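Per our numbering, the sequence shown starts with residue 1, numbered consecutively.
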Amino acid sequence: MPNIILLGAPGAGKGTQSKNLIAQYGIPQISTGDILRANVRNKTELGVKAKDFMDKGALVPNELVVEMVAGRLEDEDCNKGFILDGFPRNIAQADELKVTLDKLGKDIDATIGIEVDKKELVRRLSGRRVCRGCGEAFHVIFNPPVNIDVCDSCGGELYQRDDDKEETIEKRLEVYDEETHPLIEYYKDKGLYRAVAGIGSVDSITEAIVKALG
Ligand code: AMP
Numbered sequence: 001m002p003n004i005i006l007l008g009a010p011g012a013g014k015g016t017q018s019k020n021l022i023a024q025y026g027i028p029q030i031s032t033g034d035i036l037r038a039n040v041r042n043k044t045e046l047g048v049k050a051k052d053f054m055d056k057g058a059l060v061p062n063e064l065v066v067e068m069v070a071g072r073l074e075d076e077d078c079n080k081g082f083i084l085d086g087f088p089r090n091i092a093q094a095d096e097l098k099v100t101l102d103k104l105g106k107d108i109d110a111t112i113g114i115e116v117d118k119k120e121l122v123r124r125l126s127g128r129r130v131c132r133g134c135g136e137a138f139h140v141i142f143n144p145p146v147n148i149d150v151c152d153s154c155g156g157e158l159y160q161r162d163d164d165k166e167e168t169i170e171k172r173l174e175v176y177d178e179e180t181h182p183l184i185e186y187y188k189d190k191g192l193y194r195a196v197a198g199i200g201s202v203d204s205i206t207e208a209i210v211k212a213l214g
């Protein structure tokens, strides 16, 4: 089973595609954003340190995130493969990931880049609503829940992430361009990069990803 990195700007659909890939391959998703948000919610030491960076749309310092991912990759369930969603976010994190995987005797099989243009990203992020209970994402126009503010899957409350507010979206997209986008070249150089167009139905994009993974 594959060890995959899902790369793409905020709003490209990494989380949504991860859910389908979990079903397809039976491997866990490691979403650094989800793990950090859970830490903020539970007011852990890590959460307290990370919160201000996240609220501003900035990256959380590398050392905090790298350690968190390294610990998670050691878990038994990652032996059958894993989907990294939202990590690495810059070159330094990618280098650290390589060191961690070397120690574990593992490798990345492919980095899938989900490509979506900026106008569409802003449209998706500004209308996104997320369930406090199960984390499922909806969109007020493109994928509305049956009952406003209620999750179709678990009945939990839907909310707008603070960093999905308009001023923070701009900042996150800037951070992506400056820090994360260079990872495309980084993984191309290693022969690991596969681009997938992130426009179309969720299932058709999953199909394209599965095809790209060969
Ligand atoms: P996401 O849910 O992936 O959009 O992440 C939400 C926020 O969590 C980001 O804007 C960052 O503040 C933080 N974050 C998530 N992943 C990372 C990472 N790999 N490195 C640094 N910060 C991260």
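We treat Cβ as the ideally placed atom computed from N, Cα and C, and that holds for glycine.
Since we're looking at a predicted model, the values are computed, not measured.
Can you list, in chain order, the stretches of the beta strand (DSSP E) that have 3 or more residues and sit fully within the segment 73-161?
82-85, 110-115, 128-131 and 137-139
6 Å Cβ shell around Thr180 - same chain, five flanking residues per side excluded
Arg89
Closest Cα partner of Leu7 within the set Glu185, Glu207 and Cys134:
Glu185
DSSP three-state assignment for Ser38, whether helix, strand or coil:
Reading off the sequence, residue 38 comes out as Ala, not Ser. Ala38: helix per DSSP, three-state reduction.
Taking the CB atoms as reference points, tell me whether Asp55 and Asp163 lie closer together than 8 Å.
yes
Can the beta-carbon of Leu125 be found less than 8 Å from the beta-carbon of Gly11?
yes
For the candidate residues Cys151, Val66 and Lys165, whose alpha-carbon lies nearest to that of Val99?
Val66
Please check the pair Asn39 and Ala50, which I expect to be a contact at CB under 8 Å, by giving their CB distance rounded to whole angstroms.
6 Å
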